[in-house]
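First residue of the sequence shown? That's 0 in numbering that gives the first Met the number 0, and the numbers climb one at a time after it. First comes the structure, then the notes that go with it.
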Amino acid sequence: MMQNVHLAPEEDEDDLYSGYNDYNPTFDAEDLENDTAFQQAARTSHGRRPPVSTSKNTATLTSSMGRPATGAVQDGVSRPMTAVQAAGYTKAAMRGSLFDPLGQARGPAPPLEMKNPDSSEEKIRQLEKKVNELVEESCIANSCGDLKLALEKAKEAGRKERVLVRQREQTATSESINLDLTYSVLFNLASQYAANEMYAEALNTYQVIVKNKMFNNGGRLKVNMGNIYLKQRNYSKAIKFYRMALDQIPSVHKEMRIKIMQNIGVAFIKTGQYMDAISSFEHIMSTSPNLKAGFNLIVCYFATGDSEQMKKAFQKLIAVPLEVDYDDKYVSPNDDPHTNLLIEAIKNDSLRQIERERKSMAEDYIMTAAKLIAPVIETSFAAGYDWCVEAVKASHYVELANDLEINKATTYLRQRDFNQALETLKMFEKKDSRVKSAAATNLSFLYYLENELAQATNYADLAVSSDRYNPAALTNKGNTVFANGDYEKAAEFYKEALRNDCSCTEALYNLGLTYKKLNRIDEALDCFLKLHAILGNSAQVLHQIADMYPFLYIQQKISWQAKVCS
Numbered sequence: 000m001m002q003n004v005h006l007a008p009e010e011d012e013d014d015l016y017s018g019y020n021d022y023n024p025t026f027d028a029e030d031l032e033n034d035t036a037f038q039q040a041a042r043t044s045h046g047r048r049p050p051v052s053t054s055k056n057t058a059t060l061t062s063s064m065g066r067p068a069t070g071a072v073q074d075g076v077s078r079p080m081t082a083v084q085a086a087g088y089t090k091a092a093m094r095g096s097l098f099d100p101l102g103q104a105r106g107p108a109p110p111l112e113m114k115n116p117d118s119s120e121e122k123i124r125q126l127e128k129k130v131n132e133l134v135e136e137s138c139i140a141n142s143c144g145d146l147k148l149a150l151e152k153a154k155e156a157g158r159k160e161r162v163l164v165r166q167r168e169q170t171a172t173s174e175s176i177n178l179d180l181t182y183s184v185l186f187n188l189a190s191q192y193a194a195n196e197m198y199a200e201a202l203n204t205y206q207v208i209v210k211n212k213m214f215n216n217g218g219r220l221k222v223n224m225g226n227i228y229l230k231q232r233n234y235s236k237a238i239k240f241y242r243m244a245l246d247q248i249p250s251v252h253k254e255m256r257i258k259i260m261q262n263i264g265v266a267f268i269k270t271g272q273y274m275d276a277i278s279s280f281e282h283i284m285s286t287s288p289n290l291k292a293g294f295n296l297i298v299c300y301f302a303t304g305d306s307e308q309m310k311k312a313f314q315k316l317i318a319v320p321l322e323v324d325y326d327d328k329y330v331s332p333n334d335d336p337h338t339n340l341l342i343e344a345i346k347n348d349s350l351r352q353i354e355r356e357r358k359s360m361a362e363d364y365i366m367t368a369a370k371l372i373a374p375v376i377e378t379s380f381a382a383g384y385d386w387c388v389e390a391v392k393a394s395h396y397v398e399l400a401n402d403l404e405i406n407k408a409t410t411y412l413r414q415r416d417f418n419q420a421l422e423t424l425k426m427f428e429k430k431d432s433r434v435k436s437a438a439a440t441n442l443s444f445l446y447y448l449e450n451e452l453a454q455a456t457n458y459a460d461l462a463v464s465s466d467r468y469n470p471a472a473l474t475n476k477g478n479t480v481f482a483n484g485d486y487e488k489a490a491e492f493y494k495e496a497l498r499n500d501c502s503c504t505e506a507l508y509n510l511g512l513t514y515k516k517l518n519r520i521d522e523a524l525d526c527f528l529k530l531h532a533i534l535g536n537s538a539q540v541l542h543q544i545a546d547m548y549p550f551l552y553i554q555q556k557i558s559w560q561a562k563v564c565s
């Protein structure tokens with residue numbers, strides 16, 4: 000029943016808080032005990048909890064709105080109506096007891112059933128585990144370089160796997176044979192045979208896999224068999240198995256198919272079938288170009304004598320992307336210590352080494368291809384080299400153009416055309432430090448051969464100042480000092496060159512000659528013995544070693560006589 004609310008009139012218009020203490024007396028709960036209407040309602044059915052039936056299973060409840068509801072009863076104690084299934088505990092049961100969801104109060108849980116180690120299933124499981132361990136040990140031994148141990152482990156895994164198959168057959172569980180395990184054992188065994196150059200055994204093992212129809216992808220291993228035939232120089236069979244493997248590999252595996260086609264092209268080159276090889280390499284360069292395929296294509300066209308196709312193949316080779324980052328990211332843009340530390344950390348990491356190897360490989364392929372085709376693609380060697388240089392300058396291998404020019408000059412040197420070599424090298428006097436150092440080194444050597452020591456010294460100084468870590472420049476500088484008779488200073492330049500590159504045999508040989516001039520025979524002999532270990536049977540080195548022993552004999556005789564006299 001709605002009640003009218005009367006607000007008290009404002010006492011003062013300026014009182015902002017007037018009327019806040021006024022309220023509706025309907026909401027007054029302090030005098031409910033004296034409210035006869037409320038007490039009457041509390042004593043009727045509207046204010047009492049509905050009675051609970053004493054039925055064993057269910058009880059029908061009537062709400063204040065007249066809707067029926069059901070509740071289950073367990074052991075005379077009701078449970079909440081919202082539950083679908085009894086939870087296993089009640090309020091009455093929980094009084095004075097601890098919560099026991101696992102039922103441990105009713106007694107100890109039954110012990111877990113122990114596996115019988117003598118059962119056939121357990122023996123099979125353990126044997127399968129042992130086979131897997133042997134395969135892993137074989138692979139690890141192979142990665143460590145112990146090929147003999149790897150093969151022994153692979154053979155033992157094969158023996159135990161056959162025992163495993165027989166035990167499964169005896170226990171009538173042949174339908175649960177682990178084909179993946181059998182495949183891995185056979186494949187590992189064949190791989191270890193091939194690694195130990197036991198090619199006949201490897202081929203037989205691969206045949207077992209290939210002929211078994213239960214191995215879905217076994218046919219792809221024909222590429223491994225083709226590799227073995229290629230190593231045995233049985234090129235016709237290698238081509239046959241490569242093509243069979245190519246038929247087994249779907250077109251989605253593009254990279255694998257390209258590698259197989261490249262092997263087919265190499266096998267054709269080995270057999271002199273250059274046109275077939277050209278078709279393979281042309282397909283590769285049109286779909287997925289790479290440096291090896293491009294270089295092999297140039298070799299094929301060189302063998303057929305097609306100069307125009309050689310040019311086109313060279314342009315395809317230098318168009319292959321290198322896929323390495325520029326060196327700018329290894330240069331700190333500012334003096335931030337954190338950035339400098341990060342750059343130092345990545346300057347020679349494994350990824351950077353891979354980039355260097357890839358770049359070096361690309362340079363070797365391009366330089367070798369240019370030297371191969373330059374004499375035959377134009378009317379003269381110089382014109383052919385100029386064409387290669389211009390083609391490289393228009394590519395993203397522009398840095399190689401200078402190296403090609405220097406290589407052109409060294410070719411002139413081999414042909415004893417000193418004037419052309421000088422003209423070519425003098426073009427690099429205003430280039431960057433690395434190229435300038437290489438050109439000045441060659442110029443210094445040219446003038447040294449022509450006995451113009453003043454010019455040789457000038458260019459040697461220019462080479463060293465341009466690149467102090469160039470071992471060839473330091474060696475040439477040592478040569479000019481040696482020619483002027485300053486052997487001690489010459490030895491210092493040779494030793495500095497060896498510190499920058501310990502494999503610089505020219506510096507080591509000249510250092511031995513310098514020690515010989517200084518009458519330091521023991522040190523000279525040590526240099527030539529090191530050279531003999533590096534170069535093998537070099538006539539010049541052997542002559543110098545033989546020439547040392549008379550001096551050693553005289554020195555030993557003089558020292559012995561001095562001891563006797565004393």
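Cβ coordinates follow ideal geometry from the N, Cα and C atoms, glycine included.
Taking the alpha-carbon of residue i as reference, which of the options has the nearest alpha-carbon?
i	options	result
glutamate 200	Asn499, Gly293 and Ala153	Ala153
proline 320	Ile297, Asp305, Ala302 and Arg357	Arg357
leucine 180	Asn195, Ala193, Ser190 and Val164	Val164
aspartate 460	Lys476, Leu448 and Leu510	Lys476
glycine 511	Cys501, Ser502 and Leu530	Leu530
isoleucine 238	Ala266, Leu126, Ala462 and Cys387	Ala266
phenylalanine 240	Lys212, Gly218, Glu254 and Met255	Gly218
threonine 479	Ala462, Asp466 and Tyr468	Ala462
leucine 507	Ala496, Leu517 and Lys516	Ala496
serine 443	Tyr458, Glu449 and Asn295	Tyr458
methionine 255	Ala276, Val222, Asp416 and Arg415	Val222
tyrosine 182	Ala156, Leu296 and Tyr300	Ala156
leucine 524	Gln543, Asn536, Asn509 and Lys407	Gln543
serine 118	Glu132, Gln166 and Leu528	Gln166
aspartate 363	Phe294, Tyr384, Asp305 and Ala382	Phe294
serine 379	Lys407, Leu185 and Ser190	Lys407
methionine 284	Thr303, Ser306 and Ile257	Ile257
tyrosine 468	Leu445, Arg498 and Tyr192	Arg498
cysteine 387	Phe280, Gln314, Leu473 and Ala140	Gln314
serine 502	Val209, Cys526 and Lys516	Cys526
For residue i, count neighbouring Cβ atoms within 10 angstroms of its own Cβ and tell me buried if that reaches 16, exposed if not.
i	result
methionine 547	buried
alanine 545	exposed
arginine 158	exposed
glycine 65	Because the pLDDT at glycine 65 is just 45, under 50, the model does not fix this residue reliably, and the point stays unresolved.
leucine 178	exposed
serine 147	For clarity, residue 147 is lysine in the given sequence; the question names serine instead. Lysine 147 comes out exposed.
glutamine 39	exposed
leucine 316	buried
leucine 424	buried
asparagine 483	exposed
glutamate 120	exposed
glutamate 160	buried
aspartate 348	exposed
tyrosine 447	buried
proline 549	exposed
proline 336	exposed
alanine 438	buried
asparagine 339	exposed
isoleucine 353	exposed
Check whether the Cβ of residue i lies closer than 7 angstroms to any heavy atom of the ligand GTP, and answer yes or no.
i	result
alanine 490	With respect to the ligand GTP, the structure offers nothing, as it holds no ligand at all.
Check: Can you give, in chain order, each stretch of the alpha helix (DSSP H) that sits fully within the segment 302-373 and has at least 4 residues?
Finding: Counting only runs of at least 4 residues, the segment 302-373 fully encloses the following alpha helix (DSSP H) elements, listed from N- to C-terminal order: 306-317 and 336-345.
Note to self: Taking 8 angstroms as the cut-off, does the segment 271-283 touch the segment 242-256 (at least 3 CB pairs, one atom from each stretch)?
What the structure shows: Judged by pairs of C-beta atoms under 8 angstroms, the segment 242-256 does not touch the segment 271-283, as fewer than three such pairs exist.
Notebook entry, point to check: Are at least three pairs of beta-carbons, each pair with one atom in the segment 391-410 and one in the segment 367-380, less than 8 angstroms apart?
Noted result: In short, these stretches touch, since the Cβ pair count reaches three.
Note to self: Please give the ranges of any beta strand (DSSP E) in the segment 217-302, keeping only runs that are unbroken, at least 3 residues long and fully inside the region.
What the structure shows: DSSP runs (the beta strand (DSSP E)) wholly in the segment 217-302: none.
Margin query: Using 8 angstroms as the cut-off, can you tell me whether the segment 485-495 makes contact with the segment 445-454, which would need three or more C-beta pairs spanning the two stretches below that distance?
Written below: These segments do not touch.
Checklist line | Runs of alpha helix (DSSP H) wholly within the segment 133-170 (minimum 4 residues, chain order) | finding: As far as the segment 133-170 is concerned, its whole alpha helix (DSSP H) runs of at least 4 residues are 146-169.
Next item on the list: Enumerate, from N- to C-terminal direction, the unbroken alpha helix (DSSP H) stretches of 4 or more residues contained entirely within the segment 171-201.
Entry: Secondary structure remark: continuous alpha helix (DSSP H) runs of at least 4 residues inside the segment 171-201, in chain order: 178-194.
Next item on the list: Any chance you could list the beta strand (DSSP E) runs of at least 3 consecutive residues sitting entirely within the segment 458-528, in chain order?
Entry: Listed in chain order, there is nothing to give.
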